[in-house]
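Peer 1:
Residue numbers (the numbering used here): 1 to 378.
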């Protein structure tokens, strides 16, 4: 652990008195808006934890995301890395963490939410999770809202569920970026496959809308065909993709808009790699993970749009801490930048070697607490 940051440290950097820093961090009068914002920014950058709150106010944050297993490993291992990195930095603060995984399906997530409610009840100060089709979550999450729990999300915006803040990349701009790349390198009068989640998920609907809007401007001669994935039956996507590639000889581009579908597209293309340049298919995948980086290096795919899951999760934990412990209310949506990677600018990535062991470690505290509470979470 590094040196504990004090009010005096912040005051020295800001060029003000400790009393002014105290007022700024507690939203008291007597500090100009500009100076208040400057002082708060300094405090956040130094990971400052107010001593009085650290000693007297105890709060619980429950974090719920898919386990980094199978195809969910492609994205969620990095979400958990970002969560754990920020939680380690906040060790010793008044905010305690309970991390819980589910199998990536909405049904199992709702089941875990019911278990979390049964184990912790009104002691939960906040919940950080992901919400896809928000209509399916409203009733379950209302129980948390009714007892004063704050709800935050990563990667998905769910205003119907009463969320306080969201950290995400802008899905509409992500879709436009993918279409801009493909539309620029393809020579019209061809087909592109857009592969991913169904449009009933708000985030995906905005990606698709951005993709179509941009392509209509970049090259309206290109026809876009959509293929949807199924979490329950993942093999159906690969079969549908193979059927499309067999049926249409003029498919020249593919955009896989999430990590799972990217992995499946790679599997198919490794089996059906074009034998000549005229049959080449330009492919954009989503998220940097071991399989996608290898495919980029091998020329199976041409580009990857990455939203930096580690940073998303890191900033989301910071958002909840700043709100709960520092009283700094977040924006409803905070957008982070995404990056477009080609073979020559891919950063080094560290991957989990034992996802099963990691998943057990994530759930340790929840299992202990459930046993004490007499709640069956098997």
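Glycine residues also receive a C-beta, built at the ideal position from the N, C-alpha and C atoms.
Have a look at 26, 39, 251, 6 and flag the residue whose alpha-carbon is nearest the alpha-carbon of residue 16.
Peer 2: When the alpha-carbon of residue 16 is set against those of 26, 39, 251, 6, the nearest one is in 39.
Peer 1: Give the straight-line distance between the Cα atoms of residue 299 and residue 35, rounded to the nearest whole angstrom.
Peer 2: 51 Å
Peer 1: On the DSSP letters alone, give me the boundaries of the alpha helix (DSSP H) that residue 119 sits inside.
Peer 2: 106–120
Peer 1: Could you check where the alpha helix (DSSP H) with residue 96 kicks off and where it finishes?
Peer 2: No alpha helix (DSSP H) holds residue 96; the beta strand (DSSP E) holding it covers 95–102.
Peer 1: What are the boundary residues of the alpha helix (DSSP H) that includes residue 91?
Peer 2: Residue 91 -> no alpha helix (DSSP H), and no H or E assigned at all.
Peer 1: Inspect the beta-carbon positions of residue 341 and residue 269 and report whether they are closer than 8 Å.
Peer 2: no
Peer 1: Could you check the C-alpha separation between residue 182 and residue 9 for me, to the nearest Å?
Peer 2: 50 Å
Peer 1: For residue 309, tell me which candidate among 130, 322, 185 has the shortest Cα-Cα distance.
Peer 2: 130
Peer 1: Only counting the same chain, and skipping five residues up and downstream in sequence, which positions put a Cβ closer than 7 Å to that of residue 380?
Peer 2: Because the chain here runs from 1 to 378, residue 380 falls outside it and cannot be looked at.
Peer 1: When you compare each of 231, 197, 258, 169 to residue 107 by their alpha carbons, which one comes out closest?
Peer 2: 231
Peer 1: Between 303, 353, 313, which lies nearest to residue 339 when the distance is taken from Cα to Cα?
Peer 2: When each option's Cα is compared against that of residue 339, the closest is 303.
Peer 1: Pull up the CB-CB distance for residue 333 and residue 87, whole angstroms please, since I reckon it's below 8 Å.
Peer 2: Between residue 87 and residue 333 the Cβ distance is about 23 Å, and since that is not below 8 Å, they are no contact.
Peer 1: State the CB to CB distance for the pair residue 324 and residue 95, rounded to an integer number of angstroms; the pair is presumed to be in contact (CB under 8 Å).
Peer 2: 6 Å
Peer 1: Using the Cβ count rule (16 or more neighbours within 10 Å means buried), how would you classify residue 366?
Peer 2: Buried: at least 16 other Cβ atoms inside 10 Å.
Peer 1: What does a CB cutoff of less than 7 Å around residue 13 pick up in its chain, not counting 5 residues either side in sequence?
Peer 2: Around residue 13: 42.
Peer 1: Decide yes or no for the touch test of the segment 194–208 against the segment 253–271: beta carbon pairs closer than 8 Å, at least 3 of them.
Peer 2: yes
Peer 1: Assign residue 160 to buried or exposed, taking buried as 16 or more other Cβ atoms, counted over all protein chains shown, within 10 Å of its Cβ.
Peer 2: Exposed.
Peer 1: Where does residue 19 land, buried or exposed, given buried means 16+ other C-beta within 10 angstroms?
Peer 2: exposed
Peer 1: Report buried or exposed for residue 188, applying the criterion of at least 16 other Cβ atoms within 10 angstroms of its Cβ.
Peer 2: exposed
Peer 1: Buried or exposed for residue 32, going by 16 or more other Cβ atoms inside 10 Å?
Peer 2: exposed
Peer 1: Compare the Cα-Cα distances from residue 238 to each of 164, 265, 58 and report the closest residue.
Peer 2: 265
Peer 1: Find the nearest neighbour of residue 329 within the set 37, 7, 6, judged by alpha-carbon distance.
Peer 2: Distance check between residue 329 and each of 37, 7, 6 places 37 closest, using alpha-carbon atoms only.
Peer 1: Got a sec? Which residues, its chain only, sit under 6 Å from residue 290 by beta carbon, not counting five neighbours each side?
Peer 2: Counting only Cβ-Cβ distances below 6 Å, and skipping sequence neighbours, we find 351.
Peer 1: As a quick exercise: from 240, 251, 245, pick the residue whose alpha carbon is nearest that of residue 272.
Peer 2: 245
Peer 1: Does DSSP put residue 282 in a helix, a strand or coil?
Peer 2: strand
Peer 1: From 201, 67, 327, pick the residue whose C-alpha is nearest to that of residue 28; which is it?
Peer 2: 327
Peer 1: Excluding the five sequence neighbours on either side, which residues of its own chain have a C-beta within less than 6 Å of the C-beta of residue 362, listed in chain order?
Peer 2: Here the set comprises 99, 101.
Peer 1: What residues in its chain sit with their C-beta under 6 Å from that of residue 355, if we drop five residues either side in the sequence?
Peer 2: 68, 69, 73
Peer 1: Identify which residue in 262, 307, 123, 185 has its Cα closest to the Cα of residue 150.
Peer 2: 123
Peer 1: Tell me whether residue 398 sits in a helix, a strand or coil according to DSSP, three-state version.
Peer 2: Residue 398 lies beyond the residue range present for the chain, which begins at 1 and ends at 378; the question has no answer from this structure.
Peer 1: Which residues in the same chain as residue 375 place their Cβ atom closer than 7 Å to its Cβ, once the five residues preceding and following it in sequence are excluded?
Peer 2: Excluding five sequence positions before and after residue 375, the CB atoms of its chain that fall closer than 7 Å to its own CB belong to 115, 118, 119, given in chain order.
Peer 1: Tell me, to the nearest whole angstrom, how far the beta carbon of residue 169 is from that of residue 335; I am working on the premise that it is less than 8 Å.
Peer 2: 6 Å
Peer 1: Which partner residues of residue 76 appear in the DSSP bridge assignment?
Peer 2: As far as DSSP is concerned, residue 76 takes part in no beta bridge.
Peer 1: With DSSP as the reference, identify every bridge partner of residue 251, one or two as the case may be.
Peer 2: 191
Peer 1: Tell me where the alpha helix (DSSP H) around residue 12 begins and ends.
Peer 2: 7–14
Peer 1: Within 10 angstroms of the Cβ of residue 345, are there 16 or more other Cβ atoms? Answer buried if so, exposed if not.
Peer 2: exposed
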